[in-house]
Ligand SMILES: [Mg+2]
């Protein structure tokens, strides 16, 4: 089983069609040892030849940190905080977190670092200079949130996470409910325009259309200290494909964490431990 993107199109009562673009689990015969361009992944994944010119973008869950059953229970090892602080200094500040978490949540995890962050799948962003931008404030998710809360309330194991601008429904503790959750959400989205559905690891997330992790990376790359550098993005999930596509279009490349699916990334890292090891190799190379 691998993941691919699927377009869900439906028609609202006014006869206007709309698209929901979402990554979804599906059958594929794709050789996962190769990227979408047919290129064989190098193992172990190399660190860049000229790392001083990098702009580094890092997903959090499943990339820097192991995924845990409840997102709020994750903790950050002190060694990782030190590693990121050191790398950010070595890269002249061109290191940003790009995550589905909220900005406040990312800050509480990586407290003391004040890194640039692309949060909530590109819906919130804090630049290197500290300016905060928000997108998609116009969409009122209240009614949808209430309906989903009712759905979750009598299904043990489901977790509704209200991120303000998006709503995430986690089913990690109740994986057998995936099909039911998916069908229910699609039913609720039918006829609503301007919303997109993301399918991540054991989570469905509803967000206003337009912003994604790729948009956050593109915005960073227009600003100092990122502009003029080669963008590199490390991520693990189907929602990170927007980031891999963005860095590729900007002359950079991605590292996909995990080995189980096809990806637009150029390289693969086996797991979170391999990411930490790669970051250590990168820091060492930057010392020279
Ligand atoms: Mg992730």
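Numbering (the working numbering), first residue to last: 274 to 561. All residues carry an ideal CB built from backbone N, CA and C; glycine is no exception.
Decide if residue 319 is buried, meaning its Cβ has at least 16 other Cβ atoms within 10 Å, or exposed.
Exposed, since its Cβ has fewer than 16 Cβ neighbours within 10 Å.
Residue 452 to residue 370 span [Cα, whole Å]
Each residue's Cα considered, the two are about 31 Å apart.
Do residue 382 and residue 341 have their CB atoms nearer than 8 Å?
Result no, Cβ atoms of residue 382 and residue 341 do not sit closer than 8 Å.
Keeping to the same chain, check which residues put their C-beta closer than 6 Å to that of residue 508; ignore five residues upstream and five downstream.
Excluding residues within five positions, the ones whose Cβ falls inside 6 Å are 332, 336 and 516.
Where does residue 352 land, buried or exposed, given buried means 16+ other C-beta within 10 angstroms?
Only exposed fits residue 352, as fewer than 16 other CB atoms lie within 10 angstroms of its CB.
When the Cα atoms are used, what is the spatial distance from residue 417 to residue 407?
Between the alpha carbons of residue 417 and residue 407 lies a distance of about 21 Å.
How is the alpha helix (DSSP H) around residue 351 delimited, first residue to last?
Segment 351-363, the alpha helix (DSSP H) holding residue 351.
May I ask you to report which of helix, strand or coil DSSP gives residue 393?
Correct three-state label for residue 393: helix.
When burial is assigned at 16 or more other CB atoms within 10 Å of the CB, is residue 363 buried or exposed?
Result: buried.
N- and C-terminal bounds of the beta strand (DSSP E) containing residue 441:
Counting along the chain, the beta strand (DSSP E) containing residue 441 begins and ends at 440-443.
Kindly indicate which three-state DSSP category residue 556 falls into: helix, strand or coil?
If DSSP states are grouped into helix, strand and coil, residue 556 belongs with the helices.
Following the continuous beta strand (DSSP E) through residue 473, name the residue where it begins and the one where it ends.
Taken as a continuous stretch (DSSP letters only), the beta strand (DSSP E) holding residue 473 covers 468-473.
Alpha carbons only, please: which of 506, 434 and 512 is nearest the one belonging to residue 552?
Residue 552 has its Cα closest to that of 506, out of 506, 434 and 512.
With 16 other CB atoms within 10 Å as the buried threshold, where does residue 564 fall?
This structure does not reach residue 564, given that the chain is present from 274 up to 561, and the question cannot be answered.
Could you name each continuous beta strand (DSSP E) segment of 3 residues or more that falls completely within the stretch 453-521, going from the start of the chain to the end?
For the beta strand (DSSP E) assignment, the uninterrupted runs of no fewer than 3 residues enclosed by the stretch 453-521 are, from N- to C-terminal side, 468-473, 476-481 and 503-508.
Starting from residue 424, trace the alpha helix (DSSP H) in both directions and tell me its first and last residue.
Looking at the DSSP string, the run of the alpha helix (DSSP H) that includes residue 424 is 415-426.
If you reduce the DSSP assignment to three classes, tell me which class residue 446 lands in.
Per DSSP, reduced to three states, the secondary structure at residue 446 is coil, with no helix or strand assignment.
Using the DSSP secondary-structure output, state which residues sit across from residue 371 in a beta bridge.
Bridge partners of residue 371: 391.
Decide if residue 435 is buried, meaning its Cβ has at least 16 other Cβ atoms within 10 Å, or exposed.
When all chains shown are included, residue 435 counts as exposed.
Distance between residue 425 and residue 460 (C-alpha atoms, nearest Å):
Spanning the two alpha carbons is a distance of roughly 15 Å.
For residue 537, count neighbouring C-beta atoms within 10 Å of its own C-beta (all shown protein chains included) and say buried if the count is 16 or more, exposed if not.
A residue is called buried when at least 16 other Cβ atoms come within 10 angstroms of its Cβ; residue 537 meets this threshold and is buried.
Compute every distance between the C-beta of residue 513 and the non-hydrogen atoms of ligand 1, then say whether any falls below 7 Å.
At least one heavy atom of ligand 1 is nearer than 7 Å to the Cβ of residue 513, so yes.
Helix, strand or coil for residue 406, going by three-state DSSP, please let me know.
Strand.
DSSP beta-bridge partners of residue 543:
DSSP lists no bridge partner for residue 543.
In whole angstroms, what separates the C-alpha of residue 393 from that of residue 374?
If you take the alpha carbons of residue 393 and residue 374, they lie about 5 Å apart.
Terminal residues of the continuous alpha helix (DSSP H) containing residue 380?
376-382 is the extent of the alpha helix (DSSP H) around residue 380.
Looking at ligand 1, does it come within less than 7 Å of residue 348, judged from the CB to the closest heavy atom?
Result no, Cβ not under 7 Å from ligand 1.
Assign residue 561 to buried or exposed, taking buried as 16 or more other Cβ atoms, counted over all protein chains shown, within 10 Å of its Cβ.
Residue 561 counts as exposed, since fewer than 16 other C-beta atoms from the protein chains shown sit within 10 angstroms of its C-beta.
Quick one, are the C-beta atoms of residue 354 and residue 376 less than 8 Å apart?
Cβ distance not < 8 Å, so residue 354 and residue 376 don't count as in contact.
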